[in-house]
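Following: one structure in structure tokens, then a few remarks.
So, in structure tokens, the structure goes:
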């Protein structure tokens, strides 16, 4: 990645010289999007063209051009990747970096130079509508995956924006809710992944709509000035979330929001002049904002000077779509496979049940909606790639009437779950947060009816986060969690079902035995406290069981872990290795996970927390050493009395293939 922080800061003096020559009007122009309000609200597809902002033509500063995400660029007919939750299930940072590179290329090919789609909001409750846009429930894993996506995008010299800072995981009340959290929760749970994004070189941040501790995030000097630009020494610039990310010029500018997107409503010359005259902001605030924008813009523009620009033919090219297909193949997670029902026998008579097997279901229809040239459904993939196999399709409403066909099948495959109407960005009547984590009653009826008629039943689940399985998992032999798997998702699902692809996805969340085991949220509330524990950390701390633990996922082969070893240990990091062997008869991939416990903690700590992971591809009988590096800086707890992180005197490493299946005794370090 050429545009590191060090590289960007080398343009500091040049940027200062330019800002010193800018007129007041040019500074105001630079600090807002250039879209017209009427045109933006007047129909048509959101972000159908890159949204311009910034720039100063007279002084040679080009405009920035925004393309949204995260599952591909929203502008144009681009490649539609699986949603980030599915990508998180790959536990493959190299693949995520490759996805970022493709997105960077397609951003440039579509006339953009700024990607606004590195979403990393921790869902306090898994019903959060836009949690599909993030990578999972764990902050360490979230940071690793988000940083990899950013590095891929910025490796193509396209600015990557991390969002939404911060505490943005309630969709229906996103414009009004004030989130509160204590300092340890803030610093140890909801800040680390954003901090990592910044430390690894992320060049821009988008603020959130919600309030934090009573102050709107876009007006929040604690978040934007003290933490982001102060404590983390962020050199880039902050943009607002669109339309309502700031509510006034003085609030946004004094709070540290450098750019109002994507329409200029408050950052207008008259309003800013009045705010200065009233003493609420100063022109120096404008100078600082413009310096950050100009410096970043110049750096990325210079980095592209010798770069061959991709042309529009790369948009949704076969090469790029294949990356999306690989992401789906590696993310889709096999949860259950009793009696080795899967992969399907070569000559099996199959009945494919459920409407979701025959509709395009690629996720949210809000600001992350990608418009690929085609979407392959499960039924479409079956007809395209497995035309010689016997397959009958039965819509959801016809299950009872056609029960004899279900009963006579060798295998029944049921597609069930959610769609954009159930969850996603809340836009009028669609999306929003899920009221329940259970399947819809019609889907449960479909599963119960089919499974009672035919014991060889497999369920393919589609959704952006947890779907409860407790009510049906004992009735079916196989469960495959497909998330929203992108434009080639149907192909990936069918290839896994037939064994052409060996599944290797791991759950980026824990599936509890009861919805009551998750933190409870009033989705339309004006106030919500976020506690220190959620997800698998909460289940562990309360001693609760789970149906499928964090990091869990089956394969068609088997793996064994040898005896782990501590290779090196100093104040900064500890390095471990463990031999991994494919003990089965198929090639496959395993995710080795390292969890850290706190045996000598003097304050409340999690039972254990993810601190490293590695994905390894192995042929049958092959053994490789997995190397796992733990950054001790990320293990500290925040001491509010001294406003600093403190290290425990000892840690304990547990190496496993999911969060619950850990050895009784770990390695002290």
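Numbering (our numbering), first residue to last: 1 to 669. The C-beta atom is built at its ideal place from N, Cα and C for all residues, glycine as well.
Could you check how far apart the C-beta atoms of residue 458 and residue 413 are, in whole angstroms? I think they sit under 8 Å. Indexing the chain shown from 1 puts residue 458 at position 458. Indexing the chain shown from 1 puts residue 413 at position 413. Indeed they touch by this definition, with Cβ atoms about 5 Å apart.
Tell me the residue span of the alpha helix (DSSP H) that contains residue 141. Taking the chain shown and counting its residues from 1, the one referred to as residue 141 is at position 141. Note, residue 141: alpha helix (DSSP H), 139 to 154.
Out of 558, 237, 96 and 226, point me to the one whose CA is closest to residue 159's CA. Position 159 of the chain shown holds residue 159. For residue 159, the closest of 558, 237, 96 and 226 by C-alpha to C-alpha distance is 237.
Assign residue 465 to one of two classes, buried (16 or more other C-beta atoms within 10 Å of its C-beta) or exposed (fewer than that). Sequence index remark: in the chain shown, residue 465 carries index 465 (1-based). Buried, by the Cβ-count rule.
Using the Cα positions of residue 396 and residue 446, report the straight-line distance between them to the nearest angstrom. The count along the chain shown starts at 1 and reaches residue 396 at position 396. The count along the chain shown starts at 1 and reaches residue 446 at position 446. Using only the alpha carbons, I get a separation of about 7 Å.
Rounding to the nearest angstrom, what Cα-Cα distance links residue 380 and residue 411 in this structure? By one-based count along the chain shown, residue 380 stands at place 380. By one-based count along the chain shown, residue 411 stands at place 411. Taking the straight line joining both Cα atoms gives about 18 Å.
Name, in chain order, the residues that DSSP records as bridge partners for residue 668. As a working note, residue 668 is residue 668 in the chain shown. According to DSSP, residue 668 bridges with 652.
Answer yes if the segment 635 to 648 comes into contact with the segment 597 to 606, meaning at least three C-beta pairs across the two stretches below 8 Å, and no otherwise. yes
For residue 262 and residue 53, I'd like the C-alpha separation in whole angstroms. As a position in the chain shown, residue 262 is number 262, starting the count at 1. As a position in the chain shown, residue 53 is number 53, starting the count at 1. Roughly 7 Å between the two C-alpha positions.
Which of the three DSSP states is assigned to residue 29 in this structure? To locate residue 29, count along the chain shown from 1; it is residue 29. Judged by DSSP in its simplified three-state form, residue 29 adopts helix.
Beta-carbon separation (whole angstroms), residue 194 vs residue 3, contact threshold 8 Å: Start at 1 with the first residue of the chain shown, and residue 194 comes out as number 194. Start at 1 with the first residue of the chain shown, and residue 3 comes out as number 3. That belief does not hold up - the Cβ atoms of residue 194 and residue 3 are roughly 19 Å apart, past 8 Å.
Which runs of the beta strand (DSSP E) fall wholly inside the segment 452 to 528 and span at least 3 residues, in chain order? 457 to 462 and 478 to 481
Alpha-carbon to alpha-carbon, residue 332 and residue 670: Here the chain has residues from 1 to 669 only, and residue 670 is not among them.
Are three or more beta carbon pairs between the segment 571 to 584 and the segment 357 to 372 nearer than 8 Å? no
Residues sharing a beta bridge with residue 162, DSSP: Numbered from 1 along the chain shown, position 162 holds the residue referred to as residue 162. Its beta-bridge partners are 118 and 205.
Since residue 68 sits in a beta bridge, which residues does DSSP pair it with? For the purposes of this step, residue 68 is taken as the residue at position 68 of the chain shown. Answer is 116, bridged to residue 68.
Any idea if residue 400 is buried or exposed, counting beta-carbon neighbours within 10 angstroms, 16 or more meaning buried? Position 400 of the chain shown, counting from 1, holds the residue named residue 400. Under this definition residue 400 is an exposed residue.
Determine the closest residue to residue 677 out of 61, 490 and 17, with distance taken between C-alpha atoms. No answer is possible for residue 677: the residues shown for the chain start at 1 and end at 669.
Do the segment 514 to 529 and the segment 160 to 179 touch if we need at least three Cβ pairs shorter than 8 Å? yes
Leaving out the 5 sequence neighbours to the left and right, which residues in its chain are closer than 6 Å to residue 357 when beta-carbon positions are compared? Taking the first residue of the chain shown as 1, we reach residue 357 at position 357. If we look at residue 357 and ignore the five residues flanking it on each side, its Cβ neighbours are 378, 379 and 415.
For the candidate residues 618, 590 and 297, whose alpha-carbon lies nearest to that of residue 14? For the purposes of this step, residue 14 is taken as residue 14 along the chain shown, with counting starting at 1. Per the Cα distances, 297.
Could you check where the beta strand (DSSP E) with residue 577 kicks off and where it finishes? Counting from one through the chain shown, the residue named residue 577 turns up at place 577. 573 to 582 is the extent of the beta strand (DSSP E) around residue 577.
Here's the rule: buried if 16 or more other CB atoms are within 10 angstroms of the residue's CB, otherwise exposed. What is residue 57? To locate residue 57, count along the chain shown from 1; it is residue 57. Burial call: exposed.
So residue 496 and residue 480 are in contact, right, with Cβ under 8 Å, and what is the actual spacing, rounded? As a first step, residue 496 must be located in the chain shown, where it is residue number 496. As a first step, residue 480 must be located in the chain shown, where it is residue number 480. Their Cβ separation, rounded to whole angstroms, is 7 Å, which keeps residue 496 and residue 480 in contact under 8 Å.
Expressed to the nearest angstrom, what Euclidean distance is found between the alpha-carbon atoms of residue 145 and residue 115? To locate residue 145, count along the chain shown from 1; it is residue 145. To locate residue 115, count along the chain shown from 1; it is residue 115. Computed Cα separation, rounded: 16 Å.
Quick one, which of 245, 589 and 24 has its alpha-carbon nearest residue 284's? Locating residue 284 in the chain shown gives position 284, where the first residue counts as 1. With distances taken between Cα atoms, residue 284 lies closest to 24.
So, for residue 515: in the same chain, excluding its five sequence neighbours on each side, which residues have a beta-carbon less than 8 Å away from its beta-carbon? Taking the chain shown and counting its residues from 1, one reaches residue 515 at position 515. Within the same chain, residue 515 has close Cβ partners 436, 437, 438 and 468.
Residue from 633, 555 and 558 whose Cα sits closest to the Cα of residue 572: Within the chain shown, numbered from 1, the residue matching residue 572 stands at position 572. Comparing Cα positions, the closest option is 633.
Look at the alpha carbon of residue 611 and the alpha carbon of residue 644, and state the distance between them as a whole number of angstroms. Counted from its first residue, the chain shown places residue 611 at position 611. Counted from its first residue, the chain shown places residue 644 at position 644. Cα to Cα, the separation comes out at about 20 Å.
Beta bridge counterpart(s) of residue 337 as assigned by DSSP: Here residue 337 is taken as the residue at index 337 of the chain shown, counted from 1. DSSP lists 478 as partners of residue 337.
Enumerate in chain order the residues of its own chain whose CB-to-CB distance from residue 181 is below 6 Å, with the five nearest sequence positions on each side excluded. Taking the first residue of the chain shown as 1, we reach residue 181 at position 181. Taken in chain order, the residues that qualify are 530.
What does a CB cutoff of less than 8 Å around residue 663 pick up in its chain, not counting 5 residues either side in sequence? For this step, residue 663 is matched to residue 663 along the chain shown. Closer than 8 Å at the Cβ level, and outside the excluded window around residue 663, lie 654, 655 and 656.
CB residue 245 to CB residue 256, shorter than 9 Å? Counting from one through the chain shown, the residue named residue 245 turns up at place 245. Counting from one through the chain shown, the residue named residue 256 turns up at place 256. Not a contact, by the Cβ cut-off of 9 Å.
Closest by CA to residue 597, which one among 591, 200, 286 and 659? On the chain shown, position 597 is the one that residue 597 refers to. Out of 591, 200, 286 and 659, 659 has the C-alpha closest to the C-alpha of residue 597.
Which parts of the segment 534 to 578 are runs of the alpha helix (DSSP H), unbroken and 4 residues or longer, counting only runs that do not cross its ends? 535 to 541
Do residue 79 and residue 313 come within 9 Å of each other at the CB atom, strictly closer than that value? Taking the chain shown and counting its residues from 1, the one referred to as residue 313 is at position 313. Taking the chain shown and counting its residues from 1, the one referred to as residue 79 is at position 79. No. Outside cutoff.
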